[in-house]
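Taking it in order: structure first as structure tokens, then the write-up.
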Amino acid sequence: MATSQPALSSGPTHSRPLQDRVAIVTGSSRGIGREIALHLSSLGARIVVNYSSNSDRADSVVTQINTTYNSATAPQAIAVKADVSDPVQVNSLFDSAESAFNSPVNILVNSAGVLDPKYPTIANTTVESFDSIFTVNARGAFLCAREAANRLKRGGGGRIILLTTSLVAALRPGYGAYVASKAAVEAMTKILAKELKGTGITANCVAPGPIATEMFFEGKTEEIVNRVIQESPLGRLGETKDVAPLVGFLASDAGEWVNGQVVRVNGGFV
0 MATSQPALSS
10 GPTHSRPLQD
20 RVAIVTGSSR
30 GIGREIALHL
40 SSLGARIVVN
50 YSSNSDRADS
60 VVTQINTTYN
70 SATAPQAIAV
80 KADVSDPVQV
90 NSLFDSAESA
100 FNSPVNILVN
110 SAGVLDPKYP
120 TIANTTVESF
130 DSIFTVNARG
140 AFLCAREAAN
150 RLKRGGGGRI
160 ILLTTSLVAA
170 LRPGYGAYVA
180 SKAAVEAMTK
190 ILAKELKGTG
200 ITANCVAPGP
210 IATEMFFEGK
220 TEEIVNRVIQ
230 ESPLGRLGET
240 KDVAPLVGFL
250 ASDAGEWVNG
260 QVVRVNGGFV
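Here is the structure:
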């Protein structure tokens, strides 16, 4: 005897864990940040696509989200230019989010980051390179996390998710300043989670391993890329889609009990 199958809901507000929550995703015009923005929007979140220079790419992400998850009353995503290392611009980024969606921000995902594609040893790292890396990676994460700690919605569902790197555990030569900047973020996040006691806001780091993005490939020879692939137990580079679902889980109510943690997502690379 045939059994009836449950009907799939087609309504826009059914079964989406982040429905109508507002998420700022920094550095989301490309790479991992872009994938995270798209994934959170698929879970129902309204997205601020932050970028520092490439407006065309940011607008493309916004168009894709708004075309896929169109709303009759308001856009599902907007693009906002802001330098995460500038406190005035970070403040304005949150202002823009609140104004566009008429709501406090619920979720911050800080994905903006840089590294030196020359991969210098510490002995050969210039002060300028060190400062530029720490300015974006450490100072930028601090400013965004500080703003979020003061402005995210209280009482549950507030999420601060900062992207770091599995290289903090791998400790590879050539990444000294980059790893140091991300290690600082991981330590800060663990303290922040404790300081947010009573707010209902959690703070975690997601630490990807080698992911096939422009940033990963820049400055690497084919030989180096193949060597990284050979080191992976799964025999491949990670993809942005391997990272985004973890961020989506941490951003959801189901991820509340994960707090003050560094979650490494690297296929067993380290």
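Anchor point for the sequence shown: position 203 equals 202 in numbering that gives the first Met the number 0, and the numbering is continuous, going up by one each time. For each residue, glycine too, the CB sits at the ideal point set by N, CA and C. The structure displayed is predicted, hence computed values, not measured ones.
Beta-carbon gap between residue i and residue j smaller than 7 Å
i	j	result
residue 184	residue 163	yes
residue 44	residue 50	no
residue 46	residue 76	yes
residue 218	residue 116	yes
residue 39	residue 22	yes
residue 176	residue 129	yes
residue 204	residue 261	yes
residue 161	residue 174	no
residue 35	residue 269	no
residue 81	residue 88	yes
residue 150	residue 216	no
Classification of residue i by the beta-carbon crowding that lies within 10 angstroms, buried from 16 upward
i	result
residue 121	exposed
residue 252	exposed
residue 213	exposed
residue 127	exposed
residue 14	exposed
residue 124	buried
residue 33	buried
residue 239	buried
residue 180	buried
residue 234	exposed
residue 256	exposed
residue 28	buried
residue 263	buried
residue 249	buried
residue 221	exposed
residue 20	buried
residue 170	exposed
residue 17	buried
residue 265	buried
Cβ-Cβ separation, residue j to residue i (assumed contact under 8 Å), whole Å
i	j	result
residue 83	residue 139	3 Å
residue 206	residue 237	So it is not a contact: roughly 12 Å between Cβ atoms.
residue 201	residue 258	4 Å
residue 187	residue 133	Not confirmed; about 13 Å, so no contact.
residue 191	residue 223	Rounded, the Cβ-Cβ distance is 35 Å, inconsistent with contact.
residue 26	residue 155	Rounded, the Cβ-Cβ distance is 27 Å, inconsistent with contact.
residue 152	residue 105	5 Å
residue 60	residue 48	5 Å
residue 137	residue 195	Not a contact, Cβ separation roughly 19 Å.
residue 244	residue 267	About 17 Å separates the two Cβ atoms, so there is no contact after all.
residue 143	residue 114	Incorrect: roughly 18 Å between the Cβ atoms, too far for contact.
Span of the alpha helix (DSSP H) around residue i
i	result
residue 192	175 to 194
residue 109	Here residue 109 belongs to no alpha helix (DSSP H); instead the beta strand (DSSP E) covers 106 to 109.
residue 239	239 to 250
residue 87	86 to 100
residue 263	Not the alpha helix (DSSP H): residue 263 falls in the beta strand (DSSP E), residues 261 to 264.
residue 121	No alpha helix (DSSP H) contains residue 121, which DSSP labels as neither H nor E.
residue 64	54 to 67
residue 144	139 to 150
residue 167	166 to 169
residue 41	30 to 41
residue 215	213 to 216
Span of the beta strand (DSSP E), counted from its first residue to its last, around residue i
i	result
residue 233	Element bounds for residue 233: n/a, residue is neither H nor E.
residue 80	76 to 80
residue 157	157 to 162
residue 48	45 to 50
residue 24	21 to 25
residue 200	200 to 207
Proximity test, residue i beta-carbon vs the ligand GDP heavy atom, cut-off 6 Å
i	result
residue 144	As far as ligands go, the structure on display features none, and thus does not contain the ligand GDP.
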